[in-house]
Amino acid sequence: MKTISRLRYFLYFSILIVASCTTGKRALQKGNYDASVSKAVDRLKSSPKNAEAMKVLPEAYGFALNDHLRKIDEAKLSSDVLRWESVLYHYQALNQLADEINGCPACLTLVPNPQKFISEAADSRSRAAEARYVLGQKQLNEGNRASAKNAYFNFEKAQQFDPGIKDIKAKMDEAYWAAVVKVVVQPVVVNSTYYKLSSQYFQQQVDDFMANYQRNRFVIFYSEQQASNQRIVPDQVLSLNFDDFVVGQTYVKERVEKLKKDSVVISRGRTNDPVYGTVKATLSIFEKKITSSGLLALTITDWQTRKVLRQQRLAGTYVWQDSWASYKGDERALTKQQLAMTNRKEMLPPPPANLFIEFTKPIYSQLVDEINYFYNKY
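Using UniProt numbering, read the sequence shown as starting at 1 and increasing by one per residue.
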(Lines of atoms letter the chains of each structure in order from A and count residues from 1; the text may use other names and numbers.)
(Lines give C-alpha, C1' and ligand atoms only; values in the text may rest on other atoms or scores of the structure.)
Protein backbone atom coordinates (compact mmCIF):
# COMPACT_ATOMS: atom_id res chain seq x y z
CA MET A 1 0.00 0.00 0.00
CA LYS A 2 2.86 2.32 0.88
CA THR A 3 4.35 1.69 -2.56
CA ILE A 4 1.04 2.59 -4.26
CA SER A 5 0.74 5.76 -2.20
CA ARG A 6 4.26 6.82 -3.09
CA LEU A 7 3.55 6.15 -6.78
CA ARG A 8 0.41 8.27 -6.65
CA TYR A 9 2.29 11.07 -4.90
CA PHE A 10 5.03 10.92 -7.55
CA LEU A 11 2.52 11.02 -10.40
CA TYR A 12 0.66 13.92 -8.80
CA PHE A 13 3.88 15.85 -8.28
CA SER A 14 4.96 15.18 -11.87
CA ILE A 15 1.64 16.44 -13.20
CA LEU A 16 2.05 19.64 -11.19
CA ILE A 17 5.52 20.19 -12.62
CA VAL A 18 4.35 19.59 -16.20
CA ALA A 19 1.38 21.88 -15.70
CA SER A 20 3.52 24.67 -14.31
CA CYS A 21 5.90 24.34 -17.28
CA THR A 22 3.16 24.35 -19.90
CA THR A 23 1.42 27.32 -18.31
CA GLY A 24 4.63 29.38 -18.30
CA LYS A 25 4.89 29.67 -14.52
CA ARG A 26 8.42 28.29 -14.31
CA ALA A 27 9.64 30.52 -17.17
CA LEU A 28 8.12 33.50 -15.36
CA GLN A 29 9.91 32.61 -12.13
CA LYS A 30 13.21 32.45 -14.02
CA GLY A 31 12.65 35.86 -15.63
CA ASN A 32 12.05 34.45 -19.12
CA TYR A 33 9.10 36.73 -19.70
CA ASP A 34 8.67 36.24 -23.46
CA ALA A 35 8.77 32.45 -23.09
CA SER A 36 6.31 32.66 -20.21
CA VAL A 37 3.85 34.63 -22.35
CA SER A 38 4.17 32.18 -25.25
CA LYS A 39 3.65 29.13 -23.02
CA ALA A 40 0.64 30.69 -21.30
CA VAL A 41 -0.90 31.59 -24.68
CA ASP A 42 -0.40 28.04 -25.98
CA ARG A 43 -1.97 26.64 -22.82
CA LEU A 44 -5.01 28.94 -23.02
CA LYS A 45 -5.57 28.06 -26.65
CA SER A 46 -5.98 24.41 -25.72
CA SER A 47 -7.53 25.03 -22.29
CA PRO A 48 -9.20 28.49 -22.12
CA LYS A 49 -10.20 28.11 -18.45
CA ASN A 50 -6.81 27.00 -17.14
CA ALA A 51 -6.48 28.95 -13.89
CA GLU A 52 -2.69 28.83 -13.73
CA ALA A 53 -2.24 30.13 -17.27
CA MET A 54 -4.90 32.83 -16.70
CA LYS A 55 -2.89 34.07 -13.74
CA VAL A 56 0.48 33.88 -15.49
CA LEU A 57 -0.37 35.61 -18.79
CA PRO A 58 -1.17 39.19 -17.68
CA GLU A 59 1.66 39.18 -15.17
CA ALA A 60 4.22 37.81 -17.66
CA TYR A 61 3.10 40.21 -20.41
CA GLY A 62 3.42 43.20 -18.09
CA PHE A 63 6.95 42.20 -17.15
CA ALA A 64 7.87 41.51 -20.81
CA LEU A 65 6.52 44.88 -21.97
CA ASN A 66 8.39 46.84 -19.32
CA ASP A 67 11.58 44.84 -19.84
CA HIS A 68 11.67 45.44 -23.61
CA LEU A 69 10.80 49.14 -23.29
CA ARG A 70 13.57 49.59 -20.72
CA LYS A 71 16.10 47.91 -23.00
CA ILE A 72 14.91 50.06 -25.92
CA ASP A 73 15.53 53.23 -23.91
CA GLU A 74 18.96 51.99 -22.88
CA ALA A 75 19.88 51.11 -26.49
CA LYS A 76 18.83 54.53 -27.77
CA LEU A 77 21.16 56.17 -25.24
CA SER A 78 24.06 53.90 -26.22
CA SER A 79 27.01 55.11 -28.30
CA ASP A 80 27.03 51.86 -30.30
CA VAL A 81 26.73 52.67 -34.01
CA LEU A 82 24.58 49.57 -34.44
CA ARG A 83 22.25 50.39 -31.55
CA TRP A 84 19.21 50.62 -33.80
CA GLU A 85 19.42 46.91 -34.51
CA SER A 86 18.97 46.26 -30.80
CA VAL A 87 16.06 48.71 -30.74
CA LEU A 88 14.49 46.95 -33.73
CA TYR A 89 14.91 43.54 -32.10
CA HIS A 90 12.99 44.58 -28.98
CA TYR A 91 10.18 46.25 -30.98
CA GLN A 92 9.86 43.11 -33.07
CA ALA A 93 9.74 40.95 -29.94
CA LEU A 94 6.91 43.09 -28.52
CA ASN A 95 4.99 42.92 -31.81
CA GLN A 96 5.41 39.15 -31.83
CA LEU A 97 3.96 38.87 -28.31
CA ALA A 98 1.03 41.07 -29.32
CA ASP A 99 0.34 38.88 -32.36
CA GLU A 100 0.39 35.74 -30.20
CA ILE A 101 -2.12 37.23 -27.74
CA ASN A 102 -4.35 38.59 -30.52
CA GLY A 103 -4.51 35.08 -31.97
CA CYS A 104 -5.96 33.69 -28.73
CA PRO A 105 -9.56 34.76 -27.86
CA ALA A 106 -9.22 33.63 -24.24
CA CYS A 107 -6.03 35.69 -23.88
CA LEU A 108 -7.69 38.91 -25.04
CA THR A 109 -10.02 38.86 -22.04
CA LEU A 110 -6.90 38.95 -19.84
CA VAL A 111 -4.79 41.35 -21.94
CA PRO A 112 -7.38 43.30 -23.97
CA ASN A 113 -5.03 45.64 -25.79
CA PRO A 114 -1.52 44.20 -26.27
CA GLN A 115 0.63 47.04 -27.57
CA LYS A 116 2.05 46.98 -31.07
CA PHE A 117 4.87 49.21 -32.28
CA ILE A 118 4.53 49.14 -36.06
CA SER A 119 5.79 52.62 -36.91
CA GLU A 120 8.50 52.44 -34.26
CA ALA A 121 9.79 49.17 -35.70
CA ALA A 122 9.74 50.58 -39.23
CA ASP A 123 11.63 53.68 -38.11
CA SER A 124 14.28 51.67 -36.23
CA ARG A 125 14.65 49.33 -39.23
CA SER A 126 15.31 52.32 -41.49
CA ARG A 127 17.84 53.75 -39.01
CA ALA A 128 19.54 50.37 -38.68
CA ALA A 129 19.90 50.17 -42.47
CA GLU A 130 21.33 53.68 -42.61
CA ALA A 131 23.85 52.91 -39.86
CA ARG A 132 25.08 49.83 -41.71
CA TYR A 133 25.33 51.80 -44.96
CA VAL A 134 27.35 54.60 -43.36
CA LEU A 135 29.65 52.12 -41.63
CA GLY A 136 30.14 50.21 -44.88
CA GLN A 137 31.02 53.39 -46.77
CA LYS A 138 33.54 54.36 -44.09
CA GLN A 139 35.20 50.94 -44.30
CA LEU A 140 35.24 51.00 -48.10
CA ASN A 141 37.04 54.34 -48.03
CA GLU A 142 39.87 52.80 -46.00
CA GLY A 143 41.13 51.27 -49.22
CA ASN A 144 42.27 47.82 -48.10
CA ARG A 145 40.94 44.35 -48.79
CA ALA A 146 40.01 43.45 -45.21
CA SER A 147 38.01 46.66 -44.76
CA ALA A 148 36.34 46.18 -48.14
CA LYS A 149 35.24 42.72 -47.04
CA ASN A 150 33.69 44.14 -43.86
CA ALA A 151 32.09 46.88 -45.97
CA TYR A 152 30.48 44.26 -48.19
CA PHE A 153 28.91 42.52 -45.19
CA ASN A 154 27.61 45.83 -43.84
CA PHE A 155 26.10 46.79 -47.21
CA GLU A 156 24.56 43.33 -47.40
CA LYS A 157 23.03 43.77 -43.94
CA ALA A 158 21.77 47.24 -44.88
CA GLN A 159 20.03 45.75 -47.92
CA GLN A 160 18.36 43.15 -45.71
CA PHE A 161 16.97 45.89 -43.48
CA ASP A 162 15.93 48.10 -46.39
CA PRO A 163 16.08 46.63 -49.91
CA GLY A 164 15.09 50.01 -51.34
CA ILE A 165 18.25 51.86 -50.34
CA LYS A 166 19.52 53.84 -53.30
CA ASP A 167 22.63 52.42 -55.04
CA ILE A 168 23.01 49.65 -52.43
CA LYS A 169 23.60 47.00 -55.11
CA ALA A 170 26.31 49.12 -56.71
CA LYS A 171 27.96 49.61 -53.33
CA MET A 172 27.91 45.87 -52.68
CA ASP A 173 29.53 45.22 -56.06
CA GLU A 174 32.18 47.88 -55.45
CA ALA A 175 33.01 46.45 -52.03
CA TYR A 176 33.02 42.87 -53.32
CA TRP A 177 35.51 43.49 -56.11
CA ALA A 178 37.71 45.50 -53.76
CA ALA A 179 37.70 42.53 -51.36
CA VAL A 180 37.97 39.57 -53.71
CA VAL A 181 41.24 37.71 -54.29
CA LYS A 182 41.76 36.88 -57.96
CA VAL A 183 43.90 33.79 -58.48
CA VAL A 184 45.21 32.67 -61.87
CA VAL A 185 45.82 28.92 -62.03
CA GLN A 186 48.55 27.98 -64.46
CA PRO A 187 48.31 24.73 -66.47
CA VAL A 188 49.67 21.63 -64.74
CA VAL A 189 53.26 20.99 -65.79
CA VAL A 190 54.51 17.43 -66.44
CA ASN A 191 58.19 17.10 -67.27
CA SER A 192 57.61 14.23 -69.69
CA THR A 193 56.18 14.23 -73.19
CA TYR A 194 55.09 10.60 -72.76
CA TYR A 195 52.76 11.36 -69.83
CA LYS A 196 51.32 14.69 -70.99
CA LEU A 197 48.17 12.96 -72.24
CA SER A 198 47.72 11.14 -68.91
CA SER A 199 48.03 14.41 -67.00
CA GLN A 200 44.95 15.76 -68.77
CA TYR A 201 42.76 13.74 -66.39
CA PHE A 202 44.36 15.50 -63.43
CA GLN A 203 44.15 18.85 -65.21
CA GLN A 204 40.43 18.37 -65.82
CA GLN A 205 39.85 17.60 -62.14
CA VAL A 206 41.72 20.77 -61.16
CA ASP A 207 39.77 22.84 -63.69
CA ASP A 208 36.43 21.49 -62.44
CA PHE A 209 37.34 22.15 -58.80
CA MET A 210 38.46 25.71 -59.47
CA ALA A 211 35.40 26.46 -61.63
CA ASN A 212 33.01 25.22 -58.93
CA TYR A 213 34.88 26.56 -55.90
CA GLN A 214 32.40 28.06 -53.43
CA ARG A 215 34.12 27.64 -50.09
CA ASN A 216 35.00 31.33 -49.87
CA ARG A 217 33.00 33.81 -51.92
CA PHE A 218 35.89 36.28 -51.78
CA VAL A 219 38.22 34.03 -53.79
CA ILE A 220 37.85 33.52 -57.55
CA PHE A 221 40.04 31.20 -59.63
CA TYR A 222 40.76 31.88 -63.30
CA SER A 223 42.54 29.86 -65.93
CA GLU A 224 45.22 31.72 -67.87
CA GLN A 225 42.88 31.86 -70.85
CA GLN A 226 40.02 33.28 -68.80
CA ALA A 227 42.27 35.89 -67.23
CA SER A 228 43.52 36.94 -70.66
CA ASN A 229 40.04 37.11 -72.19
CA GLN A 230 38.62 39.11 -69.26
CA ARG A 231 41.75 41.24 -68.84
CA ILE A 232 42.09 40.17 -65.22
CA VAL A 233 45.05 41.45 -63.25
CA PRO A 234 45.61 38.68 -60.70
CA ASP A 235 46.43 39.05 -57.04
CA GLN A 236 48.03 35.63 -56.90
CA VAL A 237 49.30 32.92 -59.24
CA LEU A 238 48.94 29.24 -58.43
CA SER A 239 51.28 26.80 -60.20
CA LEU A 240 51.26 22.99 -60.17
CA ASN A 241 54.21 20.95 -61.34
CA PHE A 242 54.79 17.17 -61.38
CA ASP A 243 58.52 17.55 -60.95
CA ASP A 244 59.32 14.06 -59.65
CA PHE A 245 57.54 10.81 -60.42
CA VAL A 246 58.23 7.14 -61.13
CA VAL A 247 55.77 4.91 -62.99
CA GLY A 248 55.89 1.11 -63.07
CA GLN A 249 58.52 0.03 -60.57
CA THR A 250 58.06 -3.74 -60.57
CA TYR A 251 58.81 -6.15 -57.73
CA VAL A 252 58.25 -9.92 -58.03
CA LYS A 253 58.58 -12.13 -54.98
CA GLU A 254 58.55 -15.94 -54.94
CA ARG A 255 57.78 -17.91 -51.81
CA VAL A 256 58.25 -21.71 -51.78
CA GLU A 257 56.35 -23.89 -49.33
CA LYS A 258 56.86 -27.60 -48.72
CA LEU A 259 53.47 -29.19 -48.16
CA LYS A 260 52.64 -32.54 -46.58
CA LYS A 261 49.33 -34.08 -45.65
CA ASP A 262 48.93 -37.33 -43.69
CA SER A 263 46.11 -39.87 -43.59
CA VAL A 264 45.21 -39.49 -47.24
CA VAL A 265 43.67 -42.40 -49.13
CA ILE A 266 46.33 -43.33 -51.66
CA SER A 267 45.01 -46.71 -52.87
CA ARG A 268 42.63 -49.60 -52.20
CA GLY A 269 43.54 -53.03 -50.88
CA ARG A 270 42.42 -56.42 -52.20
CA THR A 271 39.25 -56.20 -50.18
CA ASN A 272 38.70 -52.63 -51.39
CA ASP A 273 39.71 -51.28 -48.01
CA PRO A 274 41.35 -47.81 -48.17
CA VAL A 275 45.08 -47.61 -47.81
CA TYR A 276 46.24 -44.40 -46.10
CA GLY A 277 49.51 -42.62 -46.63
CA THR A 278 51.25 -39.27 -46.87
CA VAL A 279 51.16 -36.99 -49.91
CA LYS A 280 53.64 -34.20 -50.62
CA ALA A 281 53.89 -31.21 -52.89
CA THR A 282 56.02 -28.11 -53.41
CA LEU A 283 54.01 -24.89 -53.76
CA SER A 284 55.55 -21.79 -55.36
CA ILE A 285 53.62 -18.57 -54.65
CA PHE A 286 54.40 -15.50 -56.77
CA GLU A 287 53.51 -11.96 -55.73
CA LYS A 288 53.96 -9.04 -58.09
CA LYS A 289 53.75 -5.38 -57.08
CA ILE A 290 53.97 -2.47 -59.49
CA THR A 291 54.45 0.81 -57.68
CA SER A 292 53.89 4.25 -59.16
CA SER A 293 54.42 7.44 -57.19
CA GLY A 294 55.06 11.10 -57.66
CA LEU A 295 55.33 14.55 -56.13
CA LEU A 296 53.29 17.58 -57.10
CA ALA A 297 54.88 20.94 -56.33
CA LEU A 298 52.24 23.51 -55.31
CA THR A 299 53.34 27.14 -55.31
CA ILE A 300 51.21 30.22 -54.62
CA THR A 301 52.88 33.52 -55.47
CA ASP A 302 51.89 37.14 -54.93
CA TRP A 303 51.56 38.67 -58.39
CA GLN A 304 52.89 42.12 -57.52
CA THR A 305 55.70 41.34 -55.11
CA ARG A 306 56.60 37.88 -56.52
CA LYS A 307 56.73 36.69 -52.93
CA VAL A 308 56.03 32.99 -52.43
CA LEU A 309 53.00 32.76 -50.12
CA ARG A 310 52.70 28.98 -49.98
CA GLN A 311 54.87 26.12 -51.17
CA GLN A 312 54.06 22.46 -50.64
CA ARG A 313 55.02 19.11 -52.16
CA LEU A 314 52.12 16.67 -52.27
CA ALA A 315 52.94 12.97 -52.53
CA GLY A 316 50.87 10.18 -54.04
CA THR A 317 51.43 6.45 -54.45
CA TYR A 318 49.53 3.67 -56.21
CA VAL A 319 50.40 -0.01 -55.89
CA TRP A 320 49.01 -2.58 -58.34
CA GLN A 321 49.21 -6.16 -57.04
CA ASP A 322 48.79 -9.63 -58.47
CA SER A 323 49.43 -13.11 -57.11
CA TRP A 324 49.39 -16.63 -58.55
CA ALA A 325 50.99 -20.01 -57.81
CA SER A 326 52.25 -23.29 -59.26
CA TYR A 327 53.02 -26.63 -57.68
CA LYS A 328 54.91 -29.88 -58.16
CA GLY A 329 53.86 -33.13 -56.59
CA ASP A 330 50.49 -34.40 -55.42
CA GLU A 331 47.74 -31.82 -55.59
CA ARG A 332 46.00 -33.52 -52.65
CA ALA A 333 48.61 -31.95 -50.37
CA LEU A 334 47.16 -28.51 -51.22
CA THR A 335 44.21 -26.81 -49.57
CA LYS A 336 41.29 -25.61 -51.70
CA GLN A 337 42.54 -22.04 -51.51
CA GLN A 338 46.07 -23.05 -52.55
CA LEU A 339 44.75 -25.13 -55.42
CA ALA A 340 42.56 -22.22 -56.58
CA MET A 341 45.62 -19.98 -56.58
CA THR A 342 47.47 -22.42 -58.86
CA ASN A 343 44.64 -22.15 -61.36
CA ARG A 344 45.16 -18.41 -61.66
CA LYS A 345 47.35 -17.02 -64.42
CA GLU A 346 49.61 -14.02 -64.18
CA MET A 347 47.65 -10.88 -65.13
CA LEU A 348 48.85 -8.14 -67.41
CA PRO A 349 49.37 -4.90 -65.45
CA PRO A 350 47.58 -1.67 -66.44
CA PRO A 351 49.34 0.46 -69.03
CA PRO A 352 51.72 3.14 -67.70
CA ALA A 353 49.27 5.91 -68.59
CA ASN A 354 46.66 4.39 -66.24
CA LEU A 355 49.23 3.93 -63.48
CA PHE A 356 50.09 7.63 -63.77
CA ILE A 357 46.43 8.57 -63.35
CA GLU A 358 46.04 6.33 -60.31
CA PHE A 359 48.88 7.84 -58.29
CA THR A 360 47.56 11.35 -58.99
CA LYS A 361 44.21 10.59 -57.32
CA PRO A 362 45.46 10.83 -53.70
CA ILE A 363 47.47 13.91 -54.73
CA TYR A 364 44.30 15.57 -55.98
CA SER A 365 42.56 14.95 -52.62
CA GLN A 366 45.48 16.57 -50.80
CA LEU A 367 45.45 19.47 -53.25
CA VAL A 368 41.78 20.18 -52.54
CA ASP A 369 42.43 20.16 -48.79
CA GLU A 370 45.46 22.42 -49.21
CA ILE A 371 43.55 24.95 -51.34
CA ASN A 372 40.60 25.01 -48.93
CA TYR A 373 42.90 25.47 -45.94
CA PHE A 374 44.98 28.26 -47.49
CA TYR A 375 42.11 30.31 -48.89
CA ASN A 376 39.81 30.01 -45.88
CA LYS A 377 41.67 32.95 -44.29
CA TYR A 378 40.73 35.24 -47.17
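Even glycine gets a Cβ: it sits at the ideal position worked out from N, Cα and C.
Indicate whether residue i and residue j have their beta-carbon atoms separated by less than 9 Å.
i: residue 100; j: residue 56; result: no
i: residue 199; j: residue 352; result: no
i: residue 107; j: residue 65; result: no
i: residue 184; j: residue 364; result: no
i: residue 168; j: residue 155; result: yes
i: residue 338; j: residue 327; result: yes
i: residue 129; j: residue 72; result: no
i: residue 404; j: residue 75; result: For the chain, the structure presents residues 1 to 378; residue 404 sits outside this window and is missing.
i: residue 309; j: residue 374; result: yes
i: residue 216; j: residue 354; result: no
i: residue 170; j: residue 140; result: no
i: residue 265; j: residue 275; result: yes
i: residue 105; j: residue 48; result: yes
i: residue 317; j: residue 331; result: no
So the candidates are the options; which of them puts its Cα closest to the Cα of residue i?
i: residue 246; options: 305, 187, 315; result: 315
i: residue 123; options: 89, 98, 96; result: 89
i: residue 127; options: 142, 81, 375; result: 81
i: residue 182; options: 226, 354, 169; result: 226
i: residue 201; options: 350, 360, 256, 58; result: 360
i: residue 214; options: 229, 276, 231, 372; result: 372
i: residue 324; options: 23, 27, 253; result: 253
i: residue 313; options: 54, 366, 266, 334; result: 366
i: residue 194; options: 83, 356, 362, 370; result: 356
i: residue 87; options: 319, 125, 109; result: 125
i: residue 248; options: 281, 138, 321; result: 321
i: residue 210; options: 368, 28, 109; result: 368
i: residue 115; options: 61, 144, 317; result: 61
i: residue 250; options: 146, 286, 112; result: 286
i: residue 160; options: 143, 131, 145; result: 131
i: residue 329; options: 258, 229, 103, 145; result: 258
i: residue 350; options: 267, 335, 319, 294; result: 319
i: residue 28; options: 59, 48, 243, 105; result: 59
i: residue 347; options: 104, 229, 77, 290; result: 290
Using 10 angstroms around the beta-carbon of residue i, count the other beta-carbons present and answer buried if the total reaches 16, otherwise exposed.
i: residue 179; result: buried
i: residue 292; result: buried
i: residue 236; result: buried
i: residue 278; result: exposed
i: residue 36; result: buried
i: residue 118; result: exposed
i: residue 212; result: exposed
i: residue 380; result: Missing from the structure shown is residue 380; the chain here goes from 1 to 378 and no further.
i: residue 272; result: exposed
i: residue 91; result: buried
i: residue 50; result: buried
i: residue 38; result: buried
i: residue 97; result: buried
i: residue 133; result: buried
i: residue 150; result: buried
i: residue 233; result: exposed
i: residue 177; result: exposed
i: residue 85; result: buried
i: residue 23; result: buried
i: residue 2; result: Its pLDDT being 48, under 50, residue 2 is placed unreliably by the model, and the measurement read from it follows with that caveat. Result: exposed.
i: residue 110; result: buried
i: residue 136; result: buried
i: residue 7; result: With a pLDDT of 47 at residue 7, under the threshold of 50, the modelled position of this residue cannot be trusted; read the value that follows with caution. With fewer than 16 Cβ atoms within 10 Å of its Cβ, residue 7 is classed as exposed.
i: residue 148; result: buried
i: residue 281; result: buried
Which residues does DSSP list as the beta-bridge partners of residue i?
i: residue 325; result: 285
i: residue 267; result: 275
i: residue 260; result: 280
i: residue 183; result: 221, 236
i: residue 297; result: 241, 313
i: residue 302; result: 236
i: residue 254; result: 286
i: residue 89; result: Answer by DSSP bridge pairing: none, since residue 89 is not bridged.
i: residue 292; result: 318
i: residue 249; result: 291
i: residue 308; result: 301
i: residue 190; result: 242
Compute the beta-carbon to beta-carbon distance between residue i and residue j, rounded to the nearest angstrom, for a pair I have assumed lies under 8 Å.
i: residue 238; j: residue 186; result: 7 Å
i: residue 241; j: residue 158; result: Between residue 158 and residue 241 the Cβ distance is about 45 Å, and since that is not below 8 Å, they are no contact.
i: residue 30; j: residue 52; result: With 8 Å as the limit, residue 30 and residue 52 do not qualify as a contact, their Cβ atoms being about 16 Å apart.
i: residue 378; j: residue 219; result: 5 Å
i: residue 260; j: residue 333; result: 6 Å
i: residue 121; j: residue 102; result: Rounded, the Cβ-Cβ distance is 16 Å, inconsistent with contact.
i: residue 244; j: residue 295; result: 4 Å
Does any residue of chain B have a CB that is nearer than 9 Å to the CB of residue i?
i: residue 51; result: Note that chain B does not occur in the displayed structure, where there is just one protein chain.
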